[in-house]
Amino acid sequence: MEPSPTIEFSNTGKVLFPSLGITKGRVIEYYIRMAPRMLPHLEDRAVMLHRFPEGVDHEGFYEKDAPAGTPSWVTTAVHHSETADRDIHYIVCDRPETLAWLANLASLELHVTLSRVGNPRVPLFAFFDLDPQPPAQFPEAAEVALQLRDLLVEAGVRSYLKTSGKKGLHVLIPLEEKYTFRQVRDAVHSAGILLSRRSDRVVHEASSRAKRPGSVLVDYAQNAAWKTMICPYSLRAREEATVSMPISWQALESGARPEDFNIGTVSSKMDDPWRGILSDRQEIWTESE
DNA sequence: GTTAGCA
DNA sequence: TGCTAACAACGCTGG
DNA sequence: CCAGCG
Ligand SMILES: [Mn+2]
Ligand SMILES: [Mn+2]
Numbered sequence: 120m121e122p123s124p125t126i127e128f129s130n131t132g133k134v135l136f137p138s139l140g141i142t143k144g145r146v147i148e149y150y151i152r153m154a155p156r157m158l159p160h161l162e163d164r165a166v167m168l169h170r171f172p173e174g175v176d177h178e179g180f181y182e183k184d185a186p187a188g189t190p191s192w193v194t195t196a197v198h199h200s201e202t203a204d205r206d207i208h209y210i211v212c213d214r215p216e217t218l219a220w221l222a223n224l225a226s227l228e229l230h231v232t233l234s235r236v237g238n239p240r241v242p243l244f245a246f247f248d249l250d251p252q253p254p255a256q257f258p259e260a261a262e263v264a265l266q267l268r269d270l271l272v273e274a275g276v277r278s279y280l281k282t283s284g285k286k287g288l289h290v291l292i293p294l295e296e297k298y299t300f301r302q303v304r305d306a307v308h309s310a311g312i313l314l315s316r317r318s319d320r321v322v323h324e325a326s327s328r329a330k331r332p333g334s335v336l337v338d339y340a341q342n343a344a345w346k347t348m349i350c351p352y353s354l355r356a357r358e359e360a361t362v363s364m365p366i367s368w369q370a371l372e373s374g375a376r377p378e379d380f381n382i383g384t385v386s387s388k389m390d391d392p393w394r395g396i397l398s399d400r401q402e403i404w405t406e407s408e
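Going by the numbering used here, the first sequence wraps up at 408, each residue one higher than the last.
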């Protein structure tokens, strides 16, 4: 075991969300207080950072490879990227100190893989990424999410919902660790096709011609090894400092909105609508109709 | 935001 | 020692 | 194979 780390926080007064005056210190405090909720989703997964050292009004950058200066107590896992023909040393955020260190790097957004870093080809979830196509907004995504819920209920599946923190919604189904991404992606795609038959609002392909304005895309392509999803409770790099928030289906029906959940309103004391998700492992459903 | 490299 | 430039993503699909 | 997208 490495010695207990001490982290030197820098520029804690620097404003990262100008329109709300939120400083980096507030961001660090947020991630420290949310660590109990976030670590179960981070501790054995690769993480990708979306960093904004100059704040959300400036361009950010993604970071996968652990940067020079990564402390020795930070866990990393090597993966060889075929595309880039190089090794990537993914950060594995398996302790609160790592979360605090990432926050100090101005990693406003944390994106996680859908599989364990030690078993990257086996998905932990089926992931429905619901993307409203302008001028469609959150209400349209909510309408489609509720239709998707009905379809999944018919198939006997328990599903879990979160806001993306932007305008979309994410629906997850935790799985037995025995499927390939191909199997899961195909099942999500099929459900998208079925949903598009039931609702004119739904589109199931991301091609530019298929993405009709005002529709909601059921984006199945995110179900792949080394693709990522915004981590539950991660901040989003938006002016409003919103959070990707796990919510109940009941809350969605009652008119919950993405902007209800932000750095000022979210705490780890709130009820957890995702309690038990990581042990609620289910079989892939088979659709009828 | 941090580090490597150079004056 | 102090300053500054460089650097920080890739997997997947459609065409 | 490349461009575009998330
Ligand atoms: Mn999305
Ligand atoms: Mn998407």
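Using N, Cα and C, we set each Cβ at its ideal position, and we do this for glycine too.
Closest by C-alpha distance to residue i, when choosing among the options
| i | options | result |
| --- | --- | --- |
| Asn238 | Ala343, Thr361, Ile396 and Ala187 | Ala343 |
| Val307 | Leu267, Asn381 and Arg164 | Leu267 |
| Phe380 | Ile366, Ser373, Trp393 and Glu372 | Ile366 |
| Phe93 | Val146, Asp338, His230 and Tyr339 | As shown, the chain starts at 120 and ends at 408. That puts residue 93 outside it, with no answer to give. |
| Val335 | Val276, Ala261 and Arg170 | Ala261 |
| Pro251 | His323, Ile126, Asn130 and Ala356 | His323 |
| Pro254 | Phe246, Gly287 and Leu227 | Gly287 |
| Ala154 | Leu354, Trp192, Ser315 and Glu402 | Leu354 |
| Ile126 | Ile147, Pro137 and Gly395 | Ile147 |
| Ile349 | Leu168, Tyr150 and Glu359 | Leu168 |
| Tyr149 | Ala274, Ser387 and Glu372 | Ser387 |
| His289 | Leu280, Lys297, Glu295 and Glu296 | Leu280 |
| Ile210 | Val197, Glu201 and Lys285 | Val197 |
| Leu135 | Ser191, Val175, Ser234 and Phe244 | Val175 |
| Ser372 | Gly311, Val263, Arg331 and Leu271 | Just to set this straight, residue 372 is Glu in the shown sequence, not Ser. Here the closest residue by C-alpha is Val263. |
| Glu402 | Glu359, Leu314 and Glu295 | Glu295 |
| Lys143 | Ile312, Ala219, Asp184 and Leu271 | Ala219 |
| Ser191 | Glu359, Arg240 and Pro124 | Pro124 |
Pair within 7 Å by beta-carbon distance, residue i and residue j
| i | j | result |
| --- | --- | --- |
| Arg156 | Tyr352 | yes |
| Pro293 | Arg400 | yes |
| Asp305 | Asp248 | no |
| Leu291 | Phe246 | yes |
| Phe300 | Pro377 | no |
| Val236 | Asp163 | yes |
| His208 | Thr194 | no |
| Leu161 | Cys212 | yes |
| Ala356 | Glu228 | yes |
Residue i versus residue j - alpha carbon distance
| i | j | result |
| --- | --- | --- |
| Leu265 | Trp368 | 8 Å |
| Ala165 | Leu158 | 12 Å |
| Thr282 | Ser363 | 5 Å |
| Asn130 | Glu259 | 40 Å |
| Ser226 | Glu408 | 44 Å |
| Asp319 | Asp391 | 33 Å |
| Ala274 | Ala370 | 22 Å |
| Thr347 | Ser234 | 9 Å |
| Pro137 | Ile396 | 35 Å |
| Glu182 | Thr217 | 15 Å |
| Leu221 | Asp206 | 21 Å |
| Asn223 | Val385 | 20 Å |
| Ser278 | Arg316 | 21 Å |
| Lys133 | Ile141 | 8 Å |
Exposed unless 16 or more other CB atoms sit within 10 angstroms - verdict on residue i
| i | result |
| --- | --- |
| Ala203 | exposed |
| Thr405 | exposed |
| Phe128 | exposed |
| Pro186 | exposed |
| His177 | exposed |
| Val321 | buried |
| Asp269 | exposed |
| Glu173 | exposed |
| Thr361 | buried |
| Ala340 | exposed |
| Ser480 | The structure shown does not extend to residue 480, since the chain spans only 120 to 408, so no value can be given for it. |
| Ala329 | exposed |
| His199 | exposed |
| Thr232 | buried |
| Arg145 | buried |
| Gly188 | exposed |
| Lys297 | exposed |
| Gly284 | buried |
Quiz item: Got a list of residues with beta-carbon closer than 5 Å to any non-hydrogen atom of ligand 2, in chain order?
Solution: Asp248, Asp250 and Asp338
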